Amino acid sequence: MTADTMHSEYHQDTAFQPRANRLGLWFFIMSECFLFGAFLSARYFTTGTFRPEELNQKLALAITIVLLASSISAYLAEASMAHNERKRFALWTTVTIGMAGIFLIGVAIELYEATLHYPPGTPYGSAYFMLIGLHAFHVITGMVGLFIVLFLGMRGRFGSDNYWGVEGVVKYWHFVDLAWVLIYPTLYLF
Amino acid sequence: MKYVARGLVLAVTGYLSGVALTVIINGNGATDELAVIAGYVLALIGWLAGVGGIEAFGRQWIGKTPKVSESQGWKRYFEFSIDHKVIGIQYGVTLISVLLIGGLSAMIMRIELASPGMGVVDLDDFNKIVSMHGILMVAVAVAGVIGAFGNYVIPIQIGAADMAFPRLNALAYWLLPPVAVGLLGAPFLGAFNAGWTSYAPLSVTNDSGQILFNLAIITFGLVSILGALNILVTVITMRAPGMTWGRLPIFTWAGFATSLLAFTVTQFFAAALVLVTMDRVAGTAFFSPDVGTGLLYEHIFWFYSHPAVYIMVLPGFGVILELVTTFARKPLFAYKAVVAALLSIVGLSVVVWAHHMFTSGMADFLHGPFMILTEAISIPTGIIFLSIIGTLWQGRLWFRTPLIVAFGWLFNFLIGGITGIFLADVATDIHLHDTYFVVAHFHYTIVGGAIFALLAATFYWFPKITGRMYNETAGRIFGIWVTLAFNATFIPLFWAGMNGMNRRVGDYPAAFEGANKFASVSALILGASFLLFVGNLLYSAIRGPKAGPNPWNARTLEWLVESPPSQHNFHSQPRIVGHPYDYGVEGSIHAHFPDEEPHAEEQREEVTV
Ligand code: HEM
Ligand SMILES: [Cu+2]
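Sequence lines, in order, name chains E and X. Under the working numbering, think of the first position of the first sequence as 22, with each following residue one higher. Under the working numbering, think of the first position of the second sequence as 1292, with each following residue one higher.
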């Protein structure tokens, strides 16, 4: 059983290696931008700026505000860890996860209403389901990440000198928000 | 092998439970496409966990220290090793095997096409074989040089001990076997017959094998993206002291440029296939003939797949540039211009995609701009050519196998590039599109440009990787054989295409029989040459004479360490003090190792032959 022996040079990768990690994350986010870019341009390509009357604008605005607010709480979680305040970190992370949950519930309602008025078989419906679905998938992965850092943070894995895990997940969360900032007007406003 | 076995068990378990779950939830059969998707995703997760993901990543998520394979010898190639050299060899062996399988499918096609009418396969099977051949070979061309040699050589060339993210590197490799299994397993679900391009709406309505194609290629995209990201971060953050951007070896530059393309545009292929998948299983209608449009697919697909041809060939440029300067014993001609050319190809290649769509019905006013932009790519490509020729010019050429293959490359790619201009020209393309002329063009560029570079690179770095020399006579015979047979196979196809023979057909008018017969016979001779290639390498890897650290008297860092390099590549930190390609320049030094005994250093320095 060879995997039991640790590779001696291994720390390189797991220890706090901020420069490479940060760069890697930024590149990853840039790459993701292209995925969202492909889907956003598909929406404009197939339906221009057409948008059905039945869209639930109020709910959409509400969940947008919740999601944007969750970026603030995520930031506060990261800042708390940077100051070694574990309790506040746990609090703000939980708040962030909670808001993400509210957002997802809102999205589920929107999707349900969509099946009634502009189902996937229509051009706008196709674009709608694809963009919302892609984004919801990212919200879910972000939530999984938040859960993992919450769990690890409570067990004392991070500290003010080593919180890359938190930083990475929070940056990703900001990206998920940013993607929504482009998707929301694309589907609801233009 | 234990971990591979565990991975297989978990993959099968994952597949079965995914299928079972879907069947229970929505009550359809086990070959329902949703069931296949669920099965594939769980199988993929199971496989990754099994081959080592549990130890390398999972342990960290629950707060324990991660572990990876530390075996030595043969075993490590079958384990989750994070050594970039092991991973490079894993890529190389996997992809050369895929190349051989893809080659066999080509043999079947050429046998069928040797005469008009249908012989060994029927029309439907022919379409499926073309599609399989196309995608397997595209995968080899996209990942071959960069996966195998990019991984093996780049960290050493920049003086680093490994990649920036070694675990991620291993993860990316282990995603590759599922790609091969997914593609080769597709015939069990009826295979895919929409070509490697998988144009919609055909790819929405064909057999379920298409679903496996989509899943496998999305996975392959992930391999590309993660690998590229790793190379970028490695080159940016891990260069040895003194390794400025102006001293970066040219192969590393080429790998860097390739990665810039790969980590961004690859998302578009994935996006296109996600949309196809959604049309198939989620009821969306992007490509439906009634409310959607197939043009959408073509745009998204080519936004990846045109740059992809440069993802295939840029590492090849790097290999050939690296080779000619070594074997001409002269400094690389116009190094800076070459770097600028590589980067401008990266930029230009994302704004030319619609040259594949001149006959597709897109807006007419787009034809002109895309024609001009496409032709503009000839400028940087020409600069790279000039650099190669300028380096060879009046050099003292040392005709070893790598250089012979490089000459084959030069001739082939020249033909490929020139015929590309006919295709970029709207007027001629309307006649040539979808004919064998296109087939011949892209074989000259991809086989000629990427696969020949893979072969040349294999000979060039073989002594470094195995520590042993391949058989030179067999190598030279192979180099000449493969070049002649390749040209004999594809030259007649230009003629057939110009005279109107359509591509992707299993049958054709009798007028084209002569050209096709000639191509088929030559193709079999071409295929046979690979027996010599594989035989030579397998035999020499075990029995070949010891090669020593620097059989080519080359100057880049990988040649200044032993063959094969030690676990962390260097025994002490190299310091870079000069340009890597100053062959013949009095007193020039690329790198030295100040912390080692003086005589060890002297031995390394007399490389000005
Ligand atoms: C000066 C350089 C080049 C020009 C101007 C050029 C132009 C073109 C054009 C206009 C087409 C579309 C033909 C058609 O379908 O009607 C084409 C097809 C193609 N080219 Fe090139 N090309 C060049 C270099 C390359 C290189 C370097 C590669 C690969 C390494 C490549 C690979 C391909 C492939 C794969 C296709 C066919 C795709 C398909 O339809 O399946 N080309 N080329
Ligand atoms: Cu192209």
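Just so it is clear, CB atoms sit at the ideal spot from N, CA and C, and this is done for glycine as well. Only a predicted model underlies this, so the values are computations on that prediction, with no experimental measurement involved.
Which term fits residue i, buried or exposed, when burial requires 16 or more other beta carbons within 10 angstroms of its beta carbon?
i                  : result
ASN1484 of chain X : buried
ARG40 of chain E   : exposed
GLY146 of chain E  : buried
PHE1479 of chain X : exposed
PRO1606 of chain X : buried
TRP1752 of chain X : buried
LYS1358 of chain X : buried
PHE1743 of chain X : buried
GLU1613 of chain X : buried
ASN1521 of chain X : buried
MET1534 of chain X : buried
TRP1850 of chain X : buried
LYS1755 of chain X : buried
THR70 of chain E   : exposed
LYS79 of chain E   : exposed
ARG1834 of chain X : exposed
Taking 6 Å as the cut-off, is the beta-carbon of residue i closer than that to any non-hydrogen atom of ligand 4?
i                  : result
HIS1597 of chain X : Although ligand 4 was asked about, the structure shown includes only ligand 1 and ligand 2 as ligands.
What is the rounded straight-line gap between the Cα of residue i and the Cα of residue j?
i                  : j                  : result
LEU46 of chain E   : LEU1513 of chain X : 15 Å
ALA1548 of chain X : PHE1348 of chain X : 29 Å
ASN1319 of chain X : ALA1326 of chain X : 8 Å
TYR1294 of chain X : GLU1346 of chain X : 11 Å
ASP1374 of chain X : ALA121 of chain E  : 39 Å
ALA1619 of chain X : ILE1353 of chain X : 55 Å
VAL1610 of chain X : VAL1629 of chain X : 13 Å
GLY1638 of chain X : ALA1631 of chain X : 11 Å
MET1400 of chain X : VAL1421 of chain X : 7 Å
VAL197 of chain E  : HIS156 of chain E  : 7 Å
HIS1883 of chain X : THR1543 of chain X : 19 Å
PRO1865 of chain X : LEU1427 of chain X : 40 Å
LEU1307 of chain X : ILE1336 of chain X : 13 Å
TYR1368 of chain X : PRO140 of chain E  : 50 Å
VAL1470 of chain X : GLY1546 of chain X : 22 Å
PHE1649 of chain X : LEU1586 of chain X : 11 Å
GLY1250 of chain X : VAL1696 of chain X : Only positions 1292 to 1900 of chain X appear in this structure, which leaves residue 1250 of chain X out of reach.
ALA1563 of chain X : ALA1715 of chain X : 24 Å
GLY1839 of chain X : TYR1761 of chain X : 13 Å
ALA111 of chain E  : GLY119 of chain E  : 12 Å
So, is the C-beta of residue i closer than 7 Å to a C-beta in chain A?
i                : result
LEU44 of chain E : Note that chain A does not occur in the displayed structure, where the protein chains are E and X.
Just list the residues that DSSP pairs residue i with in beta bridges.
i                  : result
SER1857 of chain X : X:ASN1860
ALA1882 of chain X : X:ILE1867
ASN183 of chain E  : E:GLY180
ARG1759 of chain X : X:LYS1837
ASN1793 of chain X : X:THR1726
Go through its chain and collect everything with a Cβ distance to residue i's Cβ below 7 Å, but skip five positions before and after it.
i                  : result
GLY1766 of chain X : THR1692, PHE1750 and ASN1827
PRO1580 of chain X : PRO1492
GLY1410 of chain X : GLU1403
ASN1497 of chain X : PHE1483, ASN1484 and ALA1485
ALA1599 of chain X : VAL1433
THR1528 of chain X : ALA1455
ARG109 of chain E  : SER101
LEU1688 of chain X : PHE1618, ALA1619 and LEU1694
Output needed for residue i: all residues of its chain with C-beta closer than 8 Å, excluding positions within five of it in sequence on either side, in chain order.
i                  : result
ILE1782 of chain X : ALA1731
THR115 of chain E  : LEU171
LEU1503 of chain X : VAL1327, TYR1331, GLY1473, LEU1474, GLY1476, ALA1477, LEU1480 and PHE1483
PHE1592 of chain X : THR1488, SER1489, TYR1490, PHE1559, PHE1560 and ALA1563
In its own chain, which residues sit with a C-beta less than 6 Å from the C-beta of residue i, not counting the 5 before and 5 after it?
i                  : result
ILE1516 of chain X : PHE1554 and THR1557
GLY1298 of chain X : TRP1338, GLY1341 and VAL1342
PRO1532 of chain X : ARG1866
PHE57 of chain E   : ALA200
PHE1824 of chain X : PHE1769
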